[in-house]
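Protein chains in written order, with our numbering: chain G, 416 to 914; chain S, 3 to 104; chain P, 10 to 494.
Just below is one structure, and these are the notes that go with it.
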């Protein structure tokens, strides 16, 4: 096995091995734990950098391990995997920093938390690098298993309830996905991801069965991607600590579902074949409905994290929508939104966590005047919120623009209506928060939970949202620069439509 | 009907009678007796099956099987009776307690 | 005789049977040495078994006449890939459980009969997997049953004793039915050797009758629905290491015999709807067992009902192997279920035993927050649960996948629905206990500290179940050695 064969596996191991070690570390060993966490994520970033460079130059990085008599575990770095891996790697690094500050001072069972945290990221990397449906499925289920202890971390009745709902949804989805994959294997004998899809030859023989399989797979993936009506677990999972919400909503679980949908449409079925089978219109409809529904529900939430949760439900469906429109422009829009939404949403969740940890603020009604007290955090929040609404030049605008243009090019102007409506709704539920935070006076003295000294809060809680907000801004401003998310999405679209 | 076939038939009938009693009666000692009767039926069948050879001497293999079977049956019966005694000592009742452990 | 002679590959089967037997005898004669002798044998025997596995991988199936006496009166020992794999599974599970039992029984006064019976059980299992003729299978089956019953009765509580009695009666009935089948087969064909019977000609009328009797007996001993009623009380009331071995190995032994007989002798002559019927019973077992596990109030009872459910999966092998193109996949799937369930169920029972040791009881409602008190055991429980549910990356997932493949490829899609349903039900009952273990409210219960060995052997077995999920190609290669299929 050459270095090219080892690289994907190594990238996975940089979080798996530290995770296993962290599990057995005694609680008091804070330094060791921090060192392992940050060391692992730093190393991962280096390896990802190598992968990015390599894939750009058409290198092939693939790890193959026989796992079943006739199927291999395949970790493959193609353009799409690398983008998802890079997103996960960068955000993991920042979330680790954030989580250390958030939890190390106060919480119990930190070794268990950080152990499962690392397992969660390893599973996400596995999902990103998966080269066939079997590998994807295995890491997808491992993701569920490693996120459950994070959701129920505090052991309170609410978190147990949330955990139970989480289990019901995600295992149900997993079962649907499993049946879909097994059925596909029985029909066509292969479950590999191939650019452009591999099912086109079977259009005459198996059309109806392939439709059902698609339905099953999308249902299974849609649970994690929070497509309505499978989204119920997501708002309930907000009881988890802020780093978990950040991770679940920007990096791991939701993205895994959305990523899976993109993979199934592009690399299993192929975009043209999906259109031929008539699968894309229903998918677009569901995605569109989710976009609007999520935003409307968000309007009525007073708890900040719940509002952000419904906003996630809405925003992640942009990715599914992009996948459901035929044409490279829409593909670019959907795929690049994977990165953009990740950056913006994690900023928002980091800020929400800061408000809760430093000021004890959980509800929007309590947020009067936080901008005065915590200007930097509020600024980052503002950037993220404006990006969500679609204000240029922040990244969110780019994705919406491409989606709209793509919809027009594909002859589906109704989607533009959806996008506009969504932007308006986003404005309706984000702008009041910004107004309260900046322009209204604090109602009464808030209980200060902790102070970071000169800074408005601990530096490790402040830095990550600032960095992600900046990245979101840069991703929009410098969208045409080489190695920007947009450029990468263009590369992916090129390779998908002209294999 | 030749003799061996008659024996085989009786063996099967004994097996059936034993199984019936096993199911119907609730006292453990009766169940143990029923199993022994069934066992005797099987052994009878086997002994009769030894007549397969054409020569004057019967086939020794079924005899070996029966002897082994008798040994096993005796040990098993001993264990069962010991268990039944112990149950009686511990719980004061003879029939098997039928409740699922809570 | 030089060392080389003793360890000649041809004699390995004899050693595998004799080593635990010797240990049992020593433990009877010198009761105080019981523990140490057993530990010693628990280390040596797996090594011998692994040597056998390598031997079979390289050279194919192995045959040995005990004492040099030829058939039909001599006993023939036969080891192919399937036997070797079953022996390896037995060795791993019993070895880990022996270490566990040593710690488990050191606090309370261990009955002097535990160790001899434990070793007899192992010897009986080994002999069973190595038997080459149907009557020897009967003898070993009886040995197995008697040792198992005695082990169940060891704790001497009223519940344990009556469970043991019920178990004994069922076991004897099953063996008798099996013996009648043997008698029929012998009367019709004149031979006891499985390999000779494999060449038996087309439908003599005794074959279906013999199959019915033998299958009925073996199904009773495997606790397939509706003959499962003896299992939950027996497994729930036995001491933890005994429950582990009972659920993991003893019920699999009769299944193994049924599979052997089916594949080698009976399959071409039996109506395929019989296979579907057996599959239906398996389906009922899965559903009924899972539902009862959901309702169980005690942890060990939950796990025992889980065994009832998982045994249902095993018997799906029969309908799934009915088409030629999927038969091999179904066979591999069924055996993978056997191996991964053995490791996972043993791990769970050992973990449950640790819970009882620490807290004195296993009422699920009163076990809040124990993940903090015993993280290693809970991790073992979690990993084993993953395998039982059938999630990757465990052996259970591989088995489930192979079964799904077989079901969908042979057009029997209804079984795939059952398999998925079984997985979801298993999730429900595993998480029923597990979520309480994570919940810190109303309070985290206190308990006494547990010897590390107990927790770590449970974890080792759970890791085996996961490990099986990653080494499927190697395991299937062993399984296929000597062409048992």
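All C-beta atoms, glycine included, are put in the ideal place defined by N, C-alpha and C.
Secondary structure at residue 607 of chain G: strand, using DSSP grouped into helix, strand and coil. Per DSSP, residue 374 of chain P lies in no beta strand (DSSP E) and is assigned neither H nor E. Residues of the segment 584-599 of chain G that bring their beta carbon within less than 8 Å of a beta carbon in chain P comprise 586, 587, 589, 590, 593, 594, 597, 598, in sequence order.
With contacts defined as CB atoms closer than 9 Å, residue 30 of chain P and residue 128 of chain P qualify as a contacting pair. Under the Cβ distance rule, residue 705 of chain G does not count among the residues neighbouring chain P, no pair being separated by less than 9 Å. Of all residues in the segment 393-411 of chain P, those with a C-beta nearer than 9 Å to a C-beta of chain G are 395, 398, 399, 400, 401, 402, 406, 407, 409, 410, 411, reading in chain order. At least one beta carbon of chain S lies nearer than 9 Å to the beta carbon of residue 192 of chain P. Comparing alpha-carbon positions, the option among P:215, P:438, P:20 lying closest to residue 308 of chain P turns out to be P:438. Looking at the DSSP output, residue 491 of chain G bridges to G:477. Residue 832 of chain G counts as exposed, since fewer than 16 other beta carbons sit within 10 angstroms of its beta carbon. Residue 656 of chain G has a beta carbon lying at 9 Å or more from every beta carbon in chain P. In its chain, beyond the 5 residues on either side, 510, 513, 514, 517 have a beta carbon closer than 6 Å to the beta carbon of residue 658 of chain G. Assigned with DSSP and collapsed to three states, residue 545 of chain G falls in strand.
Considering only beta carbons, the part of the segment 67-82 of chain S lying closer than 7 Å to chain P consists of 67, 70, 71, 74, 77, 78, 81, 82, in chain order. Sequence-distant Cβ neighbours of residue 169 of chain P in its own chain, meaning closer than 8 Å and more than five residues away, are 161, 162, 163, 246, 247. One Cα belongs to residue 771 of chain G, the other to residue 656 of chain G, and the distance between them is close to 10 Å. Beyond the five residues adjoining it in sequence on each side, residue 785 of chain G comes within less than 7 Å, by CB distance, of 770, 774, 776, 793, 852 in the same chain, given in chain order.
The beta carbon of residue 61 of chain S sits closer than 7 Å to those of 52, 54, 55, all from its chain and outside the five residues before and after it, given in chain order. Around the beta carbon of residue 277 of chain P, fewer than 16 other beta carbons sit within 10 angstroms, so the residue counts as exposed. Below the 7 Å Cβ cutoff, chain P contributes 185 as neighbours of residue 41 of chain S, in chain order. For the C-beta of residue 481 of chain P, the chain G residues within less than 7 Å are, from N- to C-terminus, 482, 483, 484. Among the residues of chain P, those whose CB is under 7 Å from the CB of residue 556 of chain G are 400, 401, following chain order. Shown in chain order are the members of the segment 141-153 of chain P whose Cβ falls below 9 Å from a Cβ of chain S: 144, 147, 148, 151, 152.
The DSSP-derived three-state label of residue 90 of chain S is helix.
Closer than 9 Å to the CB of residue 214 of chain P there is not a single CB belonging to chain G.
The alpha carbon of residue 428 of chain P has as its nearest neighbour, out of P:87, P:289, P:241, the alpha carbon of P:289.
The CB of residue 199 of chain P comes closer than 7 Å to the CB of 54 in chain S, given here in chain order. Taking a beta-carbon distance threshold of 9 Å, residue 26 of chain S does not count as an interface residue toward chain P.
Contact of residue 440 of chain P with chain G by beta-carbon distance below 7 Å involves 582.
Residue 417 of chain G and residue 900 of chain G have their C-alpha atoms roughly 29 Å apart. The C-alpha of residue 479 of chain P is placed about 11 Å away from the C-alpha of residue 405 of chain P. At least one CB of chain P lies nearer than 9 Å to the CB of residue 438 of chain G. In the assembly as shown, residue 884 of chain G is a buried residue. Its beta-carbon has 16 or more other beta-carbons within 10 Å. Under the 9 Å criterion on CB atoms, residue 478 of chain P is classed as interfacial with respect to chain G.
Rounded to the nearest whole angstrom, the CA to CA distance from residue 799 of chain G to residue 749 of chain G is 18 Å. Beta-carbon to beta-carbon, residue 126 of chain P and residue 25 of chain P are separated by about 19 Å, too far to satisfy the 8 Å threshold.
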